[in-house]
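There are 4 protein chains.
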Amino acid sequence: MSARVGVFGATGYTGREVVRLLRRHPRARVAFTTGSATGHLAHEAGLDEAAEAYFLAMPHGIAATYASRLREARPDSVVIDLSGDLRLPTVESYRRWYGQEHKAPHLIGKAVFGLCEAYRERLAGARLVSNPGCYATSVLLPLIPLLREGLVDPADLVADAKSGATGAGRTLREDLLFCELAEDFSAYSPGRTHRHVGEIEAALADRTGRTVELTFCPHLLPVKRGILTALYVKPKVDVAELRGALKRAYDGTAFVHVVDGAPPRLSDVVETNDCRISVHAGAPGHAVVFSALDNLVKGAAGQAIQNLNLAMGWPETDGLVSAFPPPPGGTGAAS
Amino acid sequence: MSARVGVFGATGYTGREVVRLLRRHPRARVAFTTGSATGHLAHEAGLDEAAEAYFLAMPHGIAATYASRLREARPDSVVIDLSGDLRLPTVESYRRWYGQEHKAPHLIGKAVFGLCEAYRERLAGARLVSNPGCYATSVLLPLIPLLREGLVDPADLVADAKSGATGAGRTLREDLLFCELAEDFSAYSPGRTHRHVGEIEAALADRTGRTVELTFCPHLLPVKRGILTALYVKPKVDVAELRGALKRAYDGTAFVHVVDGAPPRLSDVVETNDCRISVHAGAPGHAVVFSALDNLVKGAAGQAIQNLNLAMGWPETDGLVSAFPPPPGGTGAAS
Amino acid sequence: MSARVGVFGATGYTGREVVRLLRRHPRARVAFTTGSATGHLAHEAGLDEAAEAYFLAMPHGIAATYASRLREARPDSVVIDLSGDLRLPTVESYRRWYGQEHKAPHLIGKAVFGLCEAYRERLAGARLVSNPGCYATSVLLPLIPLLREGLVDPADLVADAKSGATGAGRTLREDLLFCELAEDFSAYSPGRTHRHVGEIEAALADRTGRTVELTFCPHLLPVKRGILTALYVKPKVDVAELRGALKRAYDGTAFVHVVDGAPPRLSDVVETNDCRISVHAGAPGHAVVFSALDNLVKGAAGQAIQNLNLAMGWPETDGLVSAFPPPPGGTGAAS
Amino acid sequence: MSARVGVFGATGYTGREVVRLLRRHPRARVAFTTGSATGHLAHEAGLDEAAEAYFLAMPHGIAATYASRLREARPDSVVIDLSGDLRLPTVESYRRWYGQEHKAPHLIGKAVFGLCEAYRERLAGARLVSNPGCYATSVLLPLIPLLREGLVDPADLVADAKSGATGAGRTLREDLLFCELAEDFSAYSPGRTHRHVGEIEAALADRTGRTVELTFCPHLLPVKRGILTALYVKPKVDVAELRGALKRAYDGTAFVHVVDGAPPRLSDVVETNDCRISVHAGAPGHAVVFSALDNLVKGAAGQAIQNLNLAMGWPETDGLVSAFPPPPGGTGAAS
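Chains as they are written, first to last, in my numbering: chain D, 1 to 335; chain S, 336 to 670; chain E, 671 to 1005; chain B, 1006 to 1340.
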């Protein structure tokens, strides 16, 4: 018998991907979805529907309210929030990064941060999970082990990240029109102004005990899916040791793979739940660490399913795809 | 009366752009072009043609041979080499970065490095010009003034660069096929392995007196034209002073523009000879400097024309387009 | 001394292209532009500005009102309407194809239809010009000569047209988002429902004396610019004669070129005012005629400038670019 | 226990897709693959490998030779040829359309034409299957029922087809480079010169008893996958009857779906084995029929798997995906 799952916000790119993945899931069944014509919410109905798990793929601000009502009405259910509402540790940091008051401050600190590989022990049996941001996932997976083991200088951390346009959501913004974005490329929120900086630093503090300040520059790629992040670090050991530490950290995981050779590319990971990482020497005293993932899968819906699996005690890979190790001849870029 | 100009290698993307720009030039006339079916050179003929100026848009290795023969046969003419053959200061550095022996070692050190804004005084009347690489131009224009004035730490220089696919040339490589590149994005030659690192460091040494080692990661964008580079630096002054220094350095230049506000994007500069630069704060002690240019124009053919103008004593902007300042309503991304 | 020109609606793709082309025009000077934040019009101001010519790059419905007020306030000026408001011969046909009442019925029949090559004699000295639709231009240029000379069966006319996304305007529609349009392709308004069918049939009747009913299927391409139309006809003569008739019809024109060999492609004509046409045999009794143009240039802003030139008695090619005949080595697809 | 399957030519786009689909197949197991570095074949090995079924995803000319050797060495196995070698009924027609002598003329007429829905009765138990071309599939699925029932004029058949670039194969051709194809669009082999015309007319003759001559114009889209074909026909009944006939013809099939409303788009069918068809009125006496499919799936590898299923007596849908009927909210274009 399969568990009933409800998806709030199933018309956005993230929500739609949650539904798409759930359809292949051997133990979950989509009980209901709510959605919105662009700009017109029609989510309410779902709050009355009984389910074993709920995904909130809604805008921040709204998601917290729904999480609160579901915690109250269905305390035994698993609620997985894909918005940014429950990622930050305090109402002050939420106010700083989101520029508004939190709608459900009593939930702050109650959700497990759903970066599966870093919080696996707390995710087993969790009832409220805050799914990490896509950029945050791409930065944290390589950075947590390196910082935790003290292998890189915590005062010198730079992340240059590039994301496909689904990361901006299914939003009627002029800069997201085909004729604006095709053949263009740009940086935005440069330096230290993007919201994900807050959750990255919070998770680094929590998992490594280090208070760091990250320089972070996201960019918008003229592609639909995928994030490639370059982390520029100053290692205290050589590149082989950096790579070795990351390999040990993710040895045996289903979805995080540290590769030798050329840096991972978007086509290696798109439509999979994988994150691929590589390590390379820079100028003396410098190294660069690449991470690649699909912003809608490991960066959102896939990791949310992985969190569902962990929370329910199901096999972690249920309903999820890995392309690692690649088959002979490669996974191919044409798909 | 217009000057006769010959273009060797007019069938590649760069050579074709040289021809396209020369057609609009008020004082130059294309006297002849040579080209090649892909992989089959048929350049020889042009060596007998009399002209006041020659552009070499040929592969490295071949270009040096032609430069040598033209210097001998037409000593009064202006020869502008768009390959990498004459960019490095010694045969040893050429061997290191290009992995082969130099074909015309007697020309090493004879060419002026054609980064117009940095070498303007030496370009007036020059007879042999080595046109800089596209990535090198995008890194050097912002970095030279900052290093020369001692405003950033020379031990901590990172450049994360992204280029359109014309930068790889009109080459039959599988990774350049539409079905491989569309919807993909990747880094290559990461860390300190790309050839442009050599010419960047040589020009920095020459113009700033600093010996630096750059961490440099180029990426291949699924667009045709444009380079956006993010430079991560550790400034000794605040961001306003960094920006001010760059503004002073390029005040009054026709093509290099330091902008306030959002980082420049590819569509701001594509099909122009402009380079736009912006400066932003990072984490404490860090800053990020963006530069954007069209790899085929300011990064290659346009700068070559600008060098021709300087060498011939013509107005520097002849035949070249700037989109700065932008017209009300913007230059628009649809073109 | 240059003529002052005003552009209403200069923030849309078409209006922006008008401004871009006027900036290169040797005899025209942009006196003012009006524009709109998306969805919020702020055009009124321009009505008080004196100019020798006005371009209306506004939505249909609105444009007619402005044309009417300008005709009254500035009867000696040239008004060129790029909307569909003045293309149809009667209020009834306007109601049928646009589903609304005409805002300035007294102007119906007063404007010259600005298909330059077909209406050149009436455009000299014209004071009110209705610029044709982009699809209409791509269908009419090949079809008028063939129908006028009775070379194809008027009962059997099919046009399968494909347009870049700027043809849909700078509009916040979900189907125009990058993530919806990239890697997709679709037909819309199939058969006989697109508005341009009305103006095509009206112009065919006017110029050839034939009442025809066209089967017309437009498609949306994942590119920014360009239209390629395939016309399927049943010729009464052989293909060589069809081609010959078209060559004679456009012999000596600056912008309409009938080519031998392979069908024209978008990259042949994009960013030029050219329309290229080719003719090919189909099954016995059938032929196919291709026409290619840039929807924003010959299909809109370029033809509007050409109309300005004709109306003002200036050289027809002023401010306009042709890529025909192509230079040796081709115009190249990378630009 | 699963059947062993060998794939010859697994490095091209089609062969790679065969392997990708087989990996999900519940009853088949990839026993071996052979491939080639681009242009260098290394297929021989596979001929010694025992398997229950073989796919030939090799260039025409080569495939026939392999088919012949496999028929001899493994007479009980199923051989599915995805090349064009076995699609035509005579050596003469092969010579005409392929411009070379057939390599295994004794196999002409021995293979079942693998258009599953039209040849289902002959595919059960077949040992040699010739998989149809991608364009041919998109034309034949709508056209066979209409011609067979005499609903359209057989003398007036036009197909205007547009394909993604994987249709041209993983070939090092300059026109397939990203910088040539992006932002471009073109027709090729217009009128009646493309090879698929031969197999289309042969299959129409075989299944409908009609000898027809098709006007066919293929186009190359700047997308990776998908074909959208517009068929222009002259029906003898009204559009509702045409649509009804197609619905009856494909009622109950798993993968061919006749839809009401807007024409199908590439994103409806990409990465599925579906073909979607719609019917629309044109000018009086004309109609247009659209068909959309994924050229690599229903147009190649998917249909090949479907043929394997039919030949082996397995469930027809094993290992194949349909997106019909679409889930509430749509299948979405972002994937």
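Glycine included, C-beta positions come from ideal geometry on N, C-alpha and C.
Buried/exposed call for residue i, threshold 16 Cβ in 10 Å
i               : result
residue 1020(B) : buried
residue 373(S)  : Note that residue 373(S) scores 44 on pLDDT, short of 50, meaning its location in the model is unreliable; the coordinates nonetheless yield the value given after this. Residue 373(S) is exposed by the Cβ-count criterion.
residue 129(D)  : buried
residue 1081(B) : exposed
residue 893(E)  : buried
residue 34(D)   : buried
residue 460(S)  : exposed
residue 757(E)  : buried
residue 941(E)  : buried
residue 770(E)  : exposed
residue 1321(B) : buried
residue 1213(B) : buried
Helix, strand or coil at residue i according to DSSP, with G and I counted as helix
i               : result
residue 1038(B) : strand
residue 1113(B) : coil
residue 543(S)  : helix
residue 1014(B) : coil
residue 960(E)  : strand
residue 477(S)  : helix
residue 864(E)  : coil
residue 550(S)  : strand
residue 1234(B) : strand
residue 1272(B) : helix
residue 94(D)   : helix
For residue i, the nearest candidate out of the options (CA to CA)
i               : options                            : result
residue 959(E)  : 905(E), 974(E), 970(E)             : 905(E)
residue 284(D)  : 641(S), 547(S), 599(S), 646(S)     : 547(S)
residue 933(E)  : 900(E), 917(E), 920(E)             : 900(E)
residue 1247(B) : 1156(B), 1038(B), 1193(B), 1018(B) : 1156(B)
residue 1073(B) : 1320(B), 1113(B), 1036(B), 1057(B) : 1113(B)
residue 214(D)  : 204(D), 271(D), 268(D)             : 204(D)
residue 388(S)  : 521(S), 562(S), 635(S), 365(S)     : 365(S)
residue 719(E)  : 702(E), 706(E), 730(E)             : 702(E)
residue 110(D)  : 96(D), 97(D), 118(D), 80(D)        : 80(D)
residue 337(D)  : 45(D), 78(D), 47(D), 97(D)         : Absent from the structure is residue 337(D), since the part of chain D shown begins at 1 and ends at 335.
residue 635(S)  : 483(S), 417(S), 658(S)             : 417(S)
Close-in-space but distant-in-sequence residues of the same chain around residue i (CB under 6 Å, 5 per side omitted)
i               : result
residue 1161(B) : 1239
residue 41(D)   : Residue placement at residue 41(D) cannot be trusted, given a pLDDT of 49 that sits under 50; the coordinates are not used to answer.
residue 167(D)  : 134, 295
Other residues of its chain near residue i: CB distance less than 7 Å, five sequence neighbours each side excluded
i               : result
residue 1194(B) : 1223
residue 1341(B) : No statement about residue 1341(B) is possible, as the shown extent of chain B runs from 1006 to 1340 and does not include it.
residue 785(E)  : 802, 807, 810, 873
residue 477(S)  : 566, 581, 612, 624, 626
Cβ shell of residue i (< 8 Å), same chain only, five flanking positions each side left out
i              : result
residue 165(D) : 176, 181, 220, 221, 222, 223, 224
residue 776(E) : 738
residue 536(S) : 546, 547, 548, 549
residue 356(S) : 632, 636, 637, 640, 654, 655
Residue i beta carbon near the ligand MG (any heavy atom closer than 6 Å)
i               : result
residue 1229(B) : Absent from the structure shown: the ligand MG. Ligands present: none.
> When Cβ atoms are compared, which residues of the segment 540-559 of chain S fall closer than 8 Å to chain B?
Replying inline: 557, 558, 559
>> Please list, in chain order, the residues of the segment 818-843 of chain E that have any C-beta partner in chain B closer than 7 Å.
In response: For the segment 818-843 of chain E, which is checked against every Cβ of chain B, the residues closer than 7 Å are 828, 830, 832.
> Looking at chain E, which residues of the segment 1099-1121 of chain B have a Cβ within less than 8 Å of any of its Cβ atoms?
Replying inline: none
> Name the residues in the segment 600-612 of chain S whose C-beta lies less than 8 Å from a C-beta of chain D; which are they?
Replying inline: 600, 601, 602, 605
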